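A.B. asks: Before I ask anything, let me first share the structure, which is written out below as structure tokens.
Number of protein chains: 2
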Amino acid sequence: MANPKATPQRSDWQRNHERLVATAAALVAREGAQVSLEEIAREAGVGSATLHRHFASRQALLEEVFRDEVERLRLRARELAAGDPRTGLVTWLEELTISAVNTRGLPASLAAGAGAGPSAGDTCHAVMREATVTLTDRALAAAAVRPGVSPDDLLALVEAVAQATEGDPPTALRLLGLALDGIRP
Amino acid sequence: MANPKATPQRSDWQRNHERLVATAAALVAREGAQVSLEEIAREAGVGSATLHRHFASRQALLEEVFRDEVERLRLRARELAAGDPRTGLVTWLEELTISAVNTRGLPASLAAGAGAGPSAGDTCHAVMREATVTLTDRALAAAAVRPGVSPDDLLALVEAVAQATEGDPPTALRLLGLALDGIRP
DNA sequence: CCAACATATGGGGTGGCCCTCCGGTTGTCC
DNA sequence: GGACAACCGGAGGGCCACCCCATATGTTGG
Chain X
718 MANPKATPQR SDWQRNHERL VATAAALVAR EGAQVSLEEI AREAGVGSAT
768 LHRHFASRQA LLEEVFRDEV ERLRLRAREL AAGDPRTGLV TWLEELTISA
818 VNTRGLPASL AAGAGAGPSA GDTCHAVMRE ATVTLTDRAL AAAAVRPGVS
868 PDDLLALVEA VAQATEGDPP TALRLLGLAL DGIRP
Chain E
718 MANPKATPQR SDWQRNHERL VATAAALVAR EGAQVSLEEI AREAGVGSAT
768 LHRHFASRQA LLEEVFRDEV ERLRLRAREL AAGDPRTGLV TWLEELTISA
818 VNTRGLPASL AAGAGAGPSA GDTCHAVMRE ATVTLTDRAL AAAAVRPGVS
868 PDDLLALVEA VAQATEGDPP TALRLLGLAL DGIRP
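In structure tokens:
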């Protein structure tokens, strides 16, 4: 289902693909991650069969919808990896939380990827995980956080908080703060 | 929709009601909180209309399914309120987390009640909230936790963790531990 | 420029879900 | 044991995910 660059699809394929992702982005932002797939297809002006042919699952569609935002976060993590290890990690977790809470459907998409193990490397969750591992390891190495803290646990916590407080950034940050006070050395 | 003791329902009503709750409990335990309501009705041997007449919503049905477990937890909180304030609160949060993670569908049910405000006083969430408020206030009064900690935040965190780690108690407790280390004075 | 063909499309069908209406049934109370 | 309110469940409407296959359309070699 993914698009191997080796065999470029027909132009209408690409057109419909972009249409679908754009429409999905708009509808997910307005109605959440569980929008009707048929509505997306209808709004995009294609048959529902086409949507299913382009995306094997709702999750596959969401992965593409959030690709840009995830990329933005990935680059941000790169930046943060250049500064202070402690504040870098904390800022990363905060910004990730804010993004997830403010981006309708993202928490669901991240959580969905979490259970899948390390199978597919390009899921939203996998990218966020790699960033979190890097920043956590740096903080651990600098003794900036209590030893034994696991990046997977941190990410799981952020995802849990984001999913539970979708649309309410202040609460999300309060809950995250509660948790973060536990990582002092 | 609740059963005011003043006008006892007909015997078949009561029979079907118990059947439905029992069947729902079994199916929710096996398949999770989003089981098909029609399947519950089918398995219970009643028409789907009857199920909808007895329970205005899926949530209403779940509330009854979990009534016993919630009552057990409530009594447990009472016990804990007699001991050390610090360990009482911590133990409560841990046991609540364990129960929620091990009881399929409970996290969803708790979370669903969370957004509803203080309208209905007998929801699962409301009961757990009252217990958590009591124990947290005690701990705050004894300066056993950092001031400013909110029982609602603690409960929200437990519910978030429980929902995100449903069926995986070790992870749930690790995440809770991460958060709990933040409540030292 | 055009034919032939792989690639892609979408209407319509299947089966499932939630929820409601309404004709029929069953407890209950006098 | 009859009358009446309470209760039941099959059937149907609206919506959804997913799939099949006859049709259309980009693409490419002559």
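Here the protein sequences come in this chain order: X and E. Using our numbering, the first residue of the first sequence is number 718, and each one after it goes up by one. Using our numbering, the first residue of the second sequence is number 718, and each one after it goes up by one. Every residue gets a Cβ at the ideal spot worked out from N, C-alpha and C, and that includes glycine. Quick caveat, the model's predicted, so the values are computed rather than measured.
(1) Verify the CB distance criterion: does Asp898 of chain E have a CB-CB separation below 8 Å to chain X?
(2) If you draw a straight line from the C-alpha of Leu813 of chain X to the C-alpha of Thr767 of chain E, how long is it?
(3) Is any beta-carbon of chain E found at less than 8 Å from that of Asp801 of chain X?
(4) If you compare alpha carbons, which of E:Arg747, E:Arg732, E:Glu788, E:Val807 is closest to Leu890 of chain E?
(5) Check whether the Cβ atoms of Ile757 of chain E and Ala741 of chain E lie closer than 8 Å to each other.
(6) Starting from the beta carbon of Arg891 of chain E, find every residue of chain X whose beta carbon is closer than 7 Å, and list them in chain order.
(7) Using a Cβ-Cβ cut-off of less than 7 Å, list which residues of the segment 850 to 880 of chain E approach chain X; keep chain order.
(8) At least one CB of chain E closer than 8 Å to the CB of Leu810 of chain X: is that the case?
(9) So, helix, strand or coil for Glu811 of chain X, using DSSP?
(10) Taking 7 Å as the limit between beta carbons, can you name the residues of its chain near Asn720 of chain X, skipping five residues before and five after?
(11) In three-state DSSP terms, what is Thr840 of chain E?
(12) Between which two residues does the alpha helix (DSSP H) holding Ala766 of chain X run?
(13) Closer than 8 Å by C-beta to Phe772 of chain X: which residues in its own chain qualify, once you throw out the five before and the five after it? Chain order, please.
(14) Under 6 Å Cβ to Cβ from Ala859 of chain X, same chain only, skipping five residues before and after it: list those, please.
(15) Tell me whether Gly800 of chain X sits in a helix, a strand or coil according to DSSP, three-state version.
(16) Could you compute how far the alpha carbon of Gly832 of chain X sits from the alpha carbon of Glu847 of chain E?
(17) I'd like to know if Thr840 of chain E contacts chain X, where contact means its C-beta is closer than 8 Å to some C-beta of that chain.
(18) Can you list, in chain order, the residues of its chain with a C-beta nearer than 6 Å to that of Ala825 of chain E? Leave out the 5 residues immediately preceding and following it.
(19) Below 7 Å on C-beta distance, what does Ala828 of chain X contact in chain E?
(20) May I have a chain-ordered list of the alpha helix (DSSP H) segments no shorter than 4 residues that lie completely inside the segment 728 to 796 of chain X?
(21) Check for me: the alpha helix (DSSP H) holding Gly894 of chain X runs from which residue to which?
(22) Could you compute how far the alpha carbon of Ala843 of chain X sits from the alpha carbon of Arg784 of chain X?
(23) Does the distance from the CB of Asp870 of chain E to the CB of Leu895 of chain X come in under 8 Å?
(24) Would you call Glu876 of chain E buried or exposed, if buried means 16 or more other Cβ atoms sit within 10 Å of its Cβ?
(25) Sorted by chain position, which residues of the same chain lie with C-beta nearer than 7 Å to Thr882 of chain X's C-beta, five sequence neighbours on each side aside?
(26) Leaving out five residues on either side along the sequence, give the residues of the same chain with a beta carbon under 6 Å from the beta carbon of Leu810 of chain X.
(27) Any idea what DSSP makes of Gly805 of chain E, helix, strand or coil?
(28) DSSP on Val875 of chain X, reduced to helix/strand/coil?
(29) Would you report the Cα separation of Ala829 of chain E and Gln776 of chain E, rounded to the nearest angstrom?
(30) Does DSSP put Glu883 of chain X in a helix, in a strand, or in coil?
(31) When you compare only the Cα positions, how much space is there between Leu872 of chain X and Ala798 of chain X?
(32) Determine whether the beta carbon atoms of Val745 of chain E and Gly822 of chain E lie at a separation below 8 Å.
(33) Apart from the five residues on each side of it in sequence, which residues of its chain come closer than 7 Å, Cβ to Cβ, to Arg789 of chain E?
C.D. replies: In short, the structure shows the following:
(1) yes
(2) 46 Å
(3) no
(4) E:Val807
(5) yes
(6) Asp870
(7) Asp870, Ala873, Leu874, Glu876, Ala877, Val878, Gln880
(8) no
(9) helix
(10) Note that Asn720 of chain X scores a pLDDT of 38, beneath 50, so its modelled location is shaky and nothing firm can be said.
(11) coil
(12) 765 to 771
(13) Met718, Leu737, Leu778, Glu781
(14) Pro802
(15) coil
(16) 33 Å
(17) no
(18) Ala750
(19) Ala881
(20) 728 to 748, 754 to 761, 765 to 771, 775 to 782
(21) 886 to 897
(22) 12 Å
(23) yes
(24) buried
(25) Val818, Thr888, Ala889, Leu892
(26) Val875
(27) helix
(28) helix
(29) 7 Å
(30) coil
(31) 17 Å
(32) yes
(33) none
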